[in-house]
Structures are given as C-alpha cells and as structure tokens.
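**Student:** Have a look at the structure that comes next, please.
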Amino acid sequence: MKKVAYIVESNLGNYILGNMIVPQLEENRHYVEVVGMFFIHDNVYLLLKGNPIAERLDKLAKEKGIYLQACDQCAYMRDVADKLIDSAKVGCFPDFYRAVIDKVDLIITI
Numbered sequence: 010m011k012k013v014a015y016i017v018e019s020n021l022g023n024y025i026l027g028n029m030i031v032p033q034l035e036e037n038r039h040y041v042e043v044v045g046m047f048f049i050h051d052n053v054y055l056l057l058k059g060n061p062i063a064e065r066l067d068k069l070a071k072e073k074g075i076y077l078q079a080c081d082q083c084a085y086m087r088d089v090a091d092k093l094i095d096s097a098k099v100g101c102f103p104d105f106y107r108a109v110i111d112k113v114d115l116i117i118t119i
C-alpha cells in the first residue's frame with residue numbers, strides 16, 4: 010500500500026477533508042495510508058479544539074498514527090497555537106518533512 014502525506018493549503022481544505030478524506034479514513038476505504046497532514050494559512054483553524062473536523066482528525070491520528078501539524082507562523086499569526094487538538098504539533102516545513110519524508114511515497118497538496 011502506498012503512503013501519502015497531505016499539505017492542506019487550499020481554501021477548500023475544510024470541504025475536501027470533511028466530505029472526502031476524513032470519511033474515507035474513518036471507513037477504511039481511502040486506499041492509501043495517510044502518514045501526515047500539514048495545515049497552512051487559514052486551514053490551521055481546522056485543528057482547533059471543538060471544531061468537528063479537528064475532533065475527527067484527533068481520533069484518527071490516535072487510531073492510525075497520523076502525524077498532524079499546523080504551520081507555526083500561520084498558527085501564531087492567528088493566535089491559535091495553544092488552542093489546537095492534542096494530536097496537533099506546531100512547526101515549520103522542515104519539521105513536517107523530518108516527521109514524514111522517509112515514510113511516504115507522495116506528498117500531495119490539497
């Protein structure tokens with residue numbers, strides 16, 4: 010099985026995750042193993058405690074070992090770095106690459 014990591018960059022991140030990727034992961038029908046997700050720009054809000062998608066991602070991260078990370082500058086600029094779900098780390102691109110690069114076949118931007 011191929012392994013992927015996602016960079017959640019687009020303004021459609023909420024829709025793509027909430028209606029496509031997260032349900033597929035929850036139902037074990039995503040076809041690839043997701044190793045990590047990196048959230049940039051306003052997509053860091055998707056990792057806020059209390060956000061329904063964040064809570065689902067937190068559960069998936071704990072069950073499947075998915076690495077979740079918010080862009081540090083994006084999170085600090087929006088004053089949310091200390092308000093994220095427990096599974097989410099805060100860091101920059103090099104931190105994300107260190108965590109996933111040797112474990113994935115593809116890094117996909119959504």
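Each residue of the sequence shown is one higher than the last, beginning at 10 in my numbering.
Glycine residues also receive a C-beta, built at the ideal position from the N, C-alpha and C atoms.
The structure displayed is predicted, hence computed values, not measured ones.
Taking a contact to mean a Cβ-Cβ separation below 8 Å, would you say Glu72 touches Ile94 in this structure?
**Tutor:** no
**Student:** When burial is assigned at 16 or more other CB atoms within 10 Å of the CB, is Ile80 buried or exposed?
**Tutor:** Checking the sequence, you will find Cys at residue 80 rather than Ile. Classification for Cys80: buried.
**Student:** Considering only C-alpha positions, which residue in the set Ile16, Lys11, Met10 is nearest to Ile117?
**Tutor:** Ile16
**Student:** Tell me the rounded alpha-carbon separation between Tyr106 and Gly100.
**Tutor:** Put simply, the backbone Cα of Tyr106 is about 10 Å away from that of Gly100.
**Student:** Here's a check: name, in chain order, each residue in its chain whose Cβ is nearer than 8 Å to the Cβ of Asn23, leaving out the five neighbours to either side.
**Tutor:** Asn52, Leu55, Ile62
**Student:** Which whole-angstrom value describes the C-beta separation of Ile75 and Met46, a residue pair presumed to lie in contact below a C-beta threshold of 8 Å?
**Tutor:** 7 Å
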